[in-house]
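Take a look at the structure set out below.
Protein chains: 4
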Amino acid sequence: MTTPRRYTLTISCPDRAGIIAAVSGFIAQHGGFIVEASYHTEHEAQLFFMRQEILADSLPFDADEFRRRFAPLAQEFAMTWQLSDSAQKKRLVVLVSTQDHCLNDLLYRWRSGELQVDIPCVISNHEDLRSFVEWHDIPFIHVDTQGHKADAFEQVATLFEHHRGDCMVLARFMQVLPPALCQRFPGRIINIHHSFLPSFAGAKPYHQAYLRGVKLIGATCHYVTEELDDGPIIEQDTVRIDHGDSVDDLVRYGRDIEKSVLARGLRCHVEDRVLVCGNKTIVFR
Amino acid sequence: MTTPRRYTLTISCPDRAGIIAAVSGFIAQHGGFIVEASYHTEHEAQLFFMRQEILADSLPFDADEFRRRFAPLAQEFAMTWQLSDSAQKKRLVVLVSTQDHCLNDLLYRWRSGELQVDIPCVISNHEDLRSFVEWHDIPFIHVDTQGHKADAFEQVATLFEHHRGDCMVLARFMQVLPPALCQRFPGRIINIHHSFLPSFAGAKPYHQAYLRGVKLIGATCHYVTEELDDGPIIEQDTVRIDHGDSVDDLVRYGRDIEKSVLARGLRCHVEDRVLVCGNKTIVFR
Amino acid sequence: MTTPRRYTLTISCPDRAGIIAAVSGFIAQHGGFIVEASYHTEHEAQLFFMRQEILADSLPFDADEFRRRFAPLAQEFAMTWQLSDSAQKKRLVVLVSTQDHCLNDLLYRWRSGELQVDIPCVISNHEDLRSFVEWHDIPFIHVDTQGHKADAFEQVATLFEHHRGDCMVLARFMQVLPPALCQRFPGRIINIHHSFLPSFAGAKPYHQAYLRGVKLIGATCHYVTEELDDGPIIEQDTVRIDHGDSVDDLVRYGRDIEKSVLARGLRCHVEDRVLVCGNKTIVFR
Amino acid sequence: MTTPRRYTLTISCPDRAGIIAAVSGFIAQHGGFIVEASYHTEHEAQLFFMRQEILADSLPFDADEFRRRFAPLAQEFAMTWQLSDSAQKKRLVVLVSTQDHCLNDLLYRWRSGELQVDIPCVISNHEDLRSFVEWHDIPFIHVDTQGHKADAFEQVATLFEHHRGDCMVLARFMQVLPPALCQRFPGRIINIHHSFLPSFAGAKPYHQAYLRGVKLIGATCHYVTEELDDGPIIEQDTVRIDHGDSVDDLVRYGRDIEKSVLARGLRCHVEDRVLVCGNKTIVFR
Numbered sequence: 022m023t024t025p026r027r028y029t030l031t032i033s034c035p036d037r038a039g040i041i042a043a044v045s046g047f048i049a050q051h052g053g054f055i056v057e058a059s060y061h062t063e064h065e066a067q068l069f070f071m072r073q074e075i076l077a078d079s080l081p082f083d084a085d086e087f088r089r090r091f092a093p094l095a096q097e098f099a100m101t102w103q104l105s106d107s108a109q110k111k112r113l114v115v116l117v118s119t120q121d122h123c124l125n126d127l128l129y130r131w132r133s134g135e136l137q138v139d140i141p142c143v144i145s146n147h148e149d150l151r152s153f154v155e156w157h158d159i160p161f162i163h164v165d166t167q168g169h170k171a172d173a174f175e176q177v178a179t180l181f182e183h184h185r186g187d188c189m190v191l192a193r194f195m196q197v198l199p200p201a202l203c204q205r206f207p208g209r210i211i212n213i214h215h216s217f218l219p220s221f222a223g224a225k226p227y228h229q230a231y232l233r234g235v236k237l238i239g240a241t242c243h244y245v246t247e248e249l250d251d252g253p254i255i256e257q258d259t260v261r262i263d264h265g266d267s268v269d270d271l272v273r274y275g276r277d278i279e280k281s282v283l284a285r286g287l288r289c290h291v292e293d294r295v296l297v298c299g300n301k302t303i304v305f306r
Numbered sequence: 022m023t024t025p026r027r028y029t030l031t032i033s034c035p036d037r038a039g040i041i042a043a044v045s046g047f048i049a050q051h052g053g054f055i056v057e058a059s060y061h062t063e064h065e066a067q068l069f070f071m072r073q074e075i076l077a078d079s080l081p082f083d084a085d086e087f088r089r090r091f092a093p094l095a096q097e098f099a100m101t102w103q104l105s106d107s108a109q110k111k112r113l114v115v116l117v118s119t120q121d122h123c124l125n126d127l128l129y130r131w132r133s134g135e136l137q138v139d140i141p142c143v144i145s146n147h148e149d150l151r152s153f154v155e156w157h158d159i160p161f162i163h164v165d166t167q168g169h170k171a172d173a174f175e176q177v178a179t180l181f182e183h184h185r186g187d188c189m190v191l192a193r194f195m196q197v198l199p200p201a202l203c204q205r206f207p208g209r210i211i212n213i214h215h216s217f218l219p220s221f222a223g224a225k226p227y228h229q230a231y232l233r234g235v236k237l238i239g240a241t242c243h244y245v246t247e248e249l250d251d252g253p254i255i256e257q258d259t260v261r262i263d264h265g266d267s268v269d270d271l272v273r274y275g276r277d278i279e280k281s282v283l284a285r286g287l288r289c290h291v292e293d294r295v296l297v298c299g300n301k302t303i304v305f306r
Numbered sequence: 022m023t024t025p026r027r028y029t030l031t032i033s034c035p036d037r038a039g040i041i042a043a044v045s046g047f048i049a050q051h052g053g054f055i056v057e058a059s060y061h062t063e064h065e066a067q068l069f070f071m072r073q074e075i076l077a078d079s080l081p082f083d084a085d086e087f088r089r090r091f092a093p094l095a096q097e098f099a100m101t102w103q104l105s106d107s108a109q110k111k112r113l114v115v116l117v118s119t120q121d122h123c124l125n126d127l128l129y130r131w132r133s134g135e136l137q138v139d140i141p142c143v144i145s146n147h148e149d150l151r152s153f154v155e156w157h158d159i160p161f162i163h164v165d166t167q168g169h170k171a172d173a174f175e176q177v178a179t180l181f182e183h184h185r186g187d188c189m190v191l192a193r194f195m196q197v198l199p200p201a202l203c204q205r206f207p208g209r210i211i212n213i214h215h216s217f218l219p220s221f222a223g224a225k226p227y228h229q230a231y232l233r234g235v236k237l238i239g240a241t242c243h244y245v246t247e248e249l250d251d252g253p254i255i256e257q258d259t260v261r262i263d264h265g266d267s268v269d270d271l272v273r274y275g276r277d278i279e280k281s282v283l284a285r286g287l288r289c290h291v292e293d294r295v296l297v298c299g300n301k302t303i304v305f306r
Numbered sequence: 022m023t024t025p026r027r028y029t030l031t032i033s034c035p036d037r038a039g040i041i042a043a044v045s046g047f048i049a050q051h052g053g054f055i056v057e058a059s060y061h062t063e064h065e066a067q068l069f070f071m072r073q074e075i076l077a078d079s080l081p082f083d084a085d086e087f088r089r090r091f092a093p094l095a096q097e098f099a100m101t102w103q104l105s106d107s108a109q110k111k112r113l114v115v116l117v118s119t120q121d122h123c124l125n126d127l128l129y130r131w132r133s134g135e136l137q138v139d140i141p142c143v144i145s146n147h148e149d150l151r152s153f154v155e156w157h158d159i160p161f162i163h164v165d166t167q168g169h170k171a172d173a174f175e176q177v178a179t180l181f182e183h184h185r186g187d188c189m190v191l192a193r194f195m196q197v198l199p200p201a202l203c204q205r206f207p208g209r210i211i212n213i214h215h216s217f218l219p220s221f222a223g224a225k226p227y228h229q230a231y232l233r234g235v236k237l238i239g240a241t242c243h244y245v246t247e248e249l250d251d252g253p254i255i256e257q258d259t260v261r262i263d264h265g266d267s268v269d270d271l272v273r274y275g276r277d278i279e280k281s282v283l284a285r286g287l288r289c290h291v292e293d294r295v296l297v298c299g300n301k302t303i304v305f306r
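Chains as they are written, first to last, in my numbering: chain A, 22 to 306; chain B, 22 to 306; chain C, 22 to 306; chain D, 22 to 306.
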């Protein structure tokens with residue numbers, strides 16, 4: 022399961038002919054070996070998106086030199102772009118409250134090596150999950166959200182930056198983030214909502230679903246924006262229920278689907294497979 | 022695929038101990054052979070629901086005599102109940118506009134014998150589908166909805182009653198039914214809505230779904246009430262889409278899921294498997 | 022999530038008219054309140070199966086007295102039957118090797134209270150998972166399978182009986198059980214096989230699936246019999262893969278589906294929802 | 022739903038650096054606008070596969086001139102390649118027996134414009150479906166397979182060639198094709214098998230599935246080779262069943278899944294999305 026070191030190049034730019042040729046020409050000219058390549062055009066927005074994985078060892082220079090040499094080309098096509106290096110693991114800061122099914126799932130994927138990230142700390146507004154987190158040798162930091170909210174979330178932001186977090190994961194964190202925090206880290210905060218959005222946004226979605234009598238329930242992994250439960254959707258899934266299921270049954274089925282939807286969405290984010298276009302995402306699998 | 026003649030007994034009543042014993046005792050006392058039995062309690066409403074299929078030949082009397090003899094027991098338990106006879110096929114009146122994927126699917130299931138119903142007529146506000154319907158030797162009736170709506174729908178109601186319809190199926194009928202019509206046939210009008218309700222009610226749901234950037238789309242089969250797209254849900258399903266899919270692709274995927282959700286929901290209704298409780302359904306499979 | 026104490030009565034017997042009436046009559050006569058009831062007839066075998074959950078507090082006697090009083094009726098109908106008491110948790114003995122995804126999942130469901138069982142011990146032929154198991158305060162017992170197999174499995178059987186195990190769960194235990202052990206505990210040993218049986222029985226199913234080029238992979242939870250991977254199937258599921266997935270990707274997707282299929286199958290077994298008929302199962306949900 | 026005319030270029034060749042650059046460079050150099058591009062490497066076989074859709078109007082020459090100019094590049098990289106033109110519809114010859122659910126589905130998709138193909142004729146070894154086919158103004162040709170098999174299939178091959186068929190679709194055609202016919206049209210004969218292969222190959226798969234007690238059934242769309250039910254798989258899917266379902270129920274569920282799996286597989290084939298590598302397929306969606 023060890024894969025060779027790779028650079029992942031993600032690009033968005035105005036659509037026109039010749040972009041693939043220019044980029045793949047640049048890579049080929051330096052002997053670069055492309056192991057995965059994906060493209061997409063958003064027709065309404067007239068934007069082009071691409072993602073390429075290149076074997077690091079096939080290139081005669083490192084990531085920084087790649088970035089330097091690629092810059093003129095990027096400028097010519099007015100690209101928004103990024104090159105990441107698989108040797109530099111992303112750093113996830115995880116926020117939880119008292120429910121631990123998503124946390125248990127994430128930490129298992131992390132400790133088994135399936136999820137290739139660093140987790141510098143777990144932040145919580147409760148003490149309940151301290152011993153489980155610390156059993157993994159991960160620092161557990163309690164932040165009190167009972168008192169002054171703005172202060173508490175300023176503390177969260179500071180911790181995130183201090184731990185050089187790349188991504189903040191709300192793993193069933195039962196607090197609404199203040200708009201200022203959402204705006205400060207656009208495309209870097211990921212939430213798992215326990216409904217198939219846009220149905221049942223807000224509080225108690227399983228209860229809402231039960232009352233409406235739907236025949237499937239779902240979960241949604243999305244980027245957090247200042248609009249509650251309205252950010253770009255990364256991944257969703259549904260599961261069948263029936264009239265015999267109580268709200269408690271829905272919550273139980275829901276836990277399984279929340280775990281898997283968050284894990285899949287997060288994996289795509291960590292592998293730079295998710296590009297944002299307005300309020301939608303392109304997810305290159 | 023010929024199954025022996027059956028009586029299907031469906032009951033709802035206030036929940037208490039002894040209901041199953043009383044009903045199954047009544048059936049057993051007359052030698053009745055139960056081939057399928059299902060039960061459900063709605064705890065909040067304190068209502069009990071049951072459905073039993075009994076071999077007609079195992080009983081020494083016919084359906085009318087069953088009803089007469091069962092009435093006192095039903096009264097004792099304050100039951101809302103019904104006995105249907107598989108030899109009496111339900112009569113479906115189908116309403117369509119110009120889209121024919123659901124109609125094509127329904128008529129195929131009907132002519133292949135999979136859907137055991139009679140279809141006395143198809144009603145449409147367009148002429149487009151006349152030849153296809155008439156190829157099946159089913160009368161095709163055009164009702165003009167361009168002019169006075171109330172008159173048009175009065176005509177629909179009259180046709181439905183004249184053809185002794187048991188159930189009116191809106192197979193992508195692109196007109197909103199007036200409240201009076203909905204109230205006149207409660208639990209007897211079935212619609213297929215092209216979204217996973219309660220998301221994207223109303224017009225152009227695929228367009229709405231595309232704009233929101235959801236990762237699955239769905240369809241919903243429900244009873245029609247005077248609240249648009251808000252009646253009791255019988256069946257739903259979803260299908261995965263991705264960023265590469267246009268609105269046209271969504272419409273195409275949607276056709277397949279609309280067909281199968283309508284067919285499954287309708288089959289349950291026709292077999293008396295659907296019991297309504299407030300705005301929810303119990304569906305005994 | 023606390024549910025009131027229940028007795029679960031499961032029955033199989035030759036099919037005839039009047040069984041439901043007799044059983045529900047017996048329960049009603051003592052004031053028993055049925056909260057869930059399911060029935061099934063296997064037509065070829067002419068066998069009838071039923072499962073009833075009765076509120077313990079609604080009856081004027083305890084489980085033992087129920088059994089005494091019910092025995093004559095059971096004899097009259099030639100029933101194979103069993104009454105279990107939700108206050109008596111089933112005891113699961115879990116066998117593992119080195120892969121821990123199913124174990125991690127099971128222990129999480131156990132410690133969160135979702136899976137209402139006792140786990141008296143975990144047995145393994147490797148030492149790898151000792152610290153994780155012991156963190157849960159569950160005894161971890163190493164059994165050496167490198168040497169004399171028959172002795173090792175005699176030791177497993179002795180441990181299972183000594184810990185009064187109700188069910189032995191092979192949670193990715195990478196050893197074939199000897200036929201004698203399988204025959205000793207019929208219907209009490211549950212395995213998770215990492216393919217959609219009957220495809221890809223035996224070793225390395227993901228590798229087999231990869232070579233065959235299937236478009237979905239699956240997992241199967243089944244009772245263990247002396248025929249390898251051929252016992253009665255309790256639960257199965259599949260997940261979509263594509264040409265871009267390596268064997269390692271299949272293994273990764275597979276872990277998720279193995280976990281959920283085992284968890285669902287085991288839950289059904291623990292709740293006495295699974296009745297065996299020849300090499301098939303009836304699973305009352 | 023009208024899409025602009027496109028050329029679709031599909032390529033397989035030995036893997037090496039620079040292929041994407043060379044091909045996209047060639048296209049860009051002539052102003053070609055790529056609207057969809059997909060790549061895949063088979064690591065074991067060290068083969069590279071690609072598919073590109075190019076807007077026909079963006080190029081200064083036609084398909085033949087494209088082929089002429091592209092040939093030297095193709096030779097340099099030892100490519101197996103093909104350029105198809107969306108203005109040239111593929112010609113499907115459909116073979117059926119008496120079951121018509123797949124035929125009904127295919128002809129609906131064809132007459133609604135969803136499946137962009139020509140159907141020069143339908144061939145059958147029975148007369149049952151003549152009137153339905155002829156209602157579509159498609160010639161229906163009866164071939165007698167009761168007598169000398171080799172002659173009958175020679176006649177089928179001749180008809181296929183005479184009607185300039187691109188693809189032969191076995192839409193529940195209940196005859197095993199002779200090896201000679203399979204070898205004569207490699208990658209051009211598509212079958213729908215009514216099981217999740219490799220489980221339940223051969224006759225009566227639903228009966229086999231019923232006897233084994235599986236919890237899901239499936240269908241498989243695959244290219245026909247001389248090994249029965251063992252050709253490269255294009256598409257598969259499964260559906261959940263339970264103990265209450267008879268063989269007839271399995272057959273009924275199966276019809277729906279056969280229809281959709283065949284339709285999806287066939288669509289991919291028609292759009293040149295399926296590339297064969299040994300006994301596996303790459304399906305670019």
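We put the beta carbon where it would ideally sit given N, CA and C, even for glycine.
Below 8 angstroms on C-beta distance, what does residue i contact in chain B?
| i | result |
| --- | --- |
| F54(C) | A38 |
| P253(A) | G234 |
Who are the near neighbours of residue i in its chain, counting only those whose CB is closer than 6 angstroms to its CB and skipping five residues on each side?
| i | result |
| --- | --- |
| D85(C) | none |
| H61(A) | F70 and I303 |
Measuring only the C-alpha atoms, how far is residue i from residue j?
| i | j | result |
| --- | --- | --- |
| D149(C) | D277(A) | 26 angstroms |
| R273(D) | I262(B) | 26 angstroms |
| R130(A) | I211(A) | 17 angstroms |
| R27(D) | Y227(B) | 26 angstroms |
| R202(A) | T166(A) | Correcting the residue type first, residue 202(A) is Leu in the shown sequence and not Arg. Computed Cα separation, rounded: 14 angstroms. |
If the cut is a Cβ gap below 7 angstroms, which residues of chain C does residue i touch?
| i | result |
| --- | --- |
| T259(D) | L237 and T259 |
Quick one: what's got a C-beta closer than 7 angstroms to residue i's C-beta in the same chain, skipping five residues either side?
| i | result |
| --- | --- |
| H163(D) | S145 and E148 |
Going along chain B in order, which residues have a C-beta closer than 7 angstroms to the C-beta of residue i?
| i | result |
| --- | --- |
| I213(C) | Result: empty, since nearest Cβ-Cβ is about 26 angstroms, beyond 7 angstroms. |
When you compare the CB of residue i with every CB in chain F, is at least one pair closer than 9 angstroms?
| i | result |
| --- | --- |
| Q50(C) | No chain F appears in the structure shown, which is made up of the protein chains A, B, C and D. |
For residue i, count neighbouring Cβ atoms within 10 angstroms of its own Cβ and tell me buried if that reaches 16, exposed if not.
| i | result |
| --- | --- |
| D258(C) | buried |
| K236(C) | buried |
| H169(B) | exposed |
Practice task
Write down every uninterrupted run of the beta strand (DSSP E) in the stretch 179 to 231 of chain C whose length is 3 residues or greater and which is fully enclosed by it, in chain order.
Solution key: 188 to 191 and 210 to 214
Handout entry: alpha helix (DSSP H) segments (min. 4 residues) lying fully within the stretch 26 to 67 of chain A
Key = With a minimum length of 4 residues, the continuous alpha helix (DSSP H) runs that stay inside the stretch 26 to 67 of chain A are 40 to 50.
Problem - Start-end ranges of the beta strand (DSSP E) lying completely within the stretch 76 to 125 of chain A, minimum 3 residues - result: 101 to 106 and 111 to 117
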